[in-house]
Amino acid sequence: MHQTWRPMRPDDLDEVMAIASVVHEGFFERREVFGERLALYPQGCWIARAIDASALGYAVMHPARLGHPPALDSLLHGLDAQADCLYLHDVALLPAARGAGLGRALMNLLSELMTRESYACAALVAVHGSAPYWRSSGFEVLAPVTPQLRKKLDGYDAQALYLVRGK
Numbered sequence: 713m714h715q716t717w718r719p720m721r722p723d724d725l726d727e728v729m730a731i732a733s734v735v736h737e738g739f740f741e742r743r744e745v746f747g748e749r750l751a752l753y754p755q756g757c758w759i760a761r762a763i764d765a766s767a768l769g770y771a772v773m774h775p776a777r778l779g780h781p782p783a784l785d786s787l788l789h790g791l792d793a794q795a796d797c798l799y800l801h802d803v804a805l806l807p808a809a810r811g812a813g814l815g816r817a818l819m820n821l822l823s824e825l826m827t828r829e830s831y832a833c834a835a836l837v838a839v840h841g842s843a844p845y846w847r848s849s850g851f852e853v854l855a856p857v858t859p860q861l862r863k864k865l866d867g868y869d870a871q872a873l874y875l876v877r878g879k
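Count the sequence shown with this note's numbering and you get residues 713 to 879, in order.
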């Protein structure tokens, strides 16, 4: 099945929410969170589609400060003027889309965006046991974890990890 990433549009948000409800059970975020990220940083919002145009997944990235991810289900109210990394806020692929190269293609988009926007690193919070996948994509655990960061990670689950990758 041919699959590709394209820039997300506001009319994709219903599909984003439907995919999130399948992939991120237990990590609910309001539609407003996705809508705000898209409005603030559209170049970091992507949707994966099959050749038949069905939505297969999405990715939402935005600038942030290293070690300071936003809390789950929180609005940013603007981009951080002190941002020094590109934060992968959310990546979700439906089970049927996994293993077809969308992850590799997304990492290429991430690298291109990091270069274009002059970010030396990218960061994310790994949940659902996804850390091995992200490690295979060049991400490593940020250490040491500050008490502030630990509190935010605990808002996801006890196994959540904050991972970082350079260009």
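Cβ atoms here follow ideal geometry from the backbone N, Cα and C, with glycine treated the same way. Here the structure is a predicted model, which is why all the values come from computation and not from measurement.
Worksheet entry | Under 9 Å between C-beta atoms of residue 773 and residue 756 | yes
Worksheet entry | Close Cβ partners of residue 783 (< 8 Å) along its chain, the five nearest in sequence each way excluded | 864, 867
Worksheet item: Between the beta-carbon of residue 857 and the beta-carbon of residue 806, is there less than 9 Å?
Response: no
Worksheet item: Looking at residue 834 and residue 788, is the spacing between their C-beta atoms short of 9 Å?
Response: no
Practice prompt. Return helix, strand or coil for residue 805, following the three-state DSSP convention.
Written response: strand
Practice prompt. To the nearest angstrom, report how far apart residue 780 and residue 764 are at their CA atoms.
Written response: 39 Å
Item to complete: Just list the beta strand (DSSP E) runs in the stretch 784 to 857, keeping only unbroken ones of 3 residues or longer that don't cross its boundaries, in chain order.
Response: 797 to 805, 833 to 838
Discussion item. If you measure between the beta carbons of residue 846 and residue 838, is that distance less than 9 Å?
Written reply: yes
Fill in: residue 877, enclosing beta strand (DSSP E) - first and last residue
873 to 878
Item to complete: Report the partner residues of residue 719 according to the DSSP bridge assignment.
Response: 758
Fill in: residue 775 - DSSP class collapsed to helix/strand/coil
strand
Discussion item. Let me confirm a value: residue 723 is counted as buried when at least 16 other C-beta atoms fall within 10 Å, else exposed. Which label applies?
Written reply: exposed
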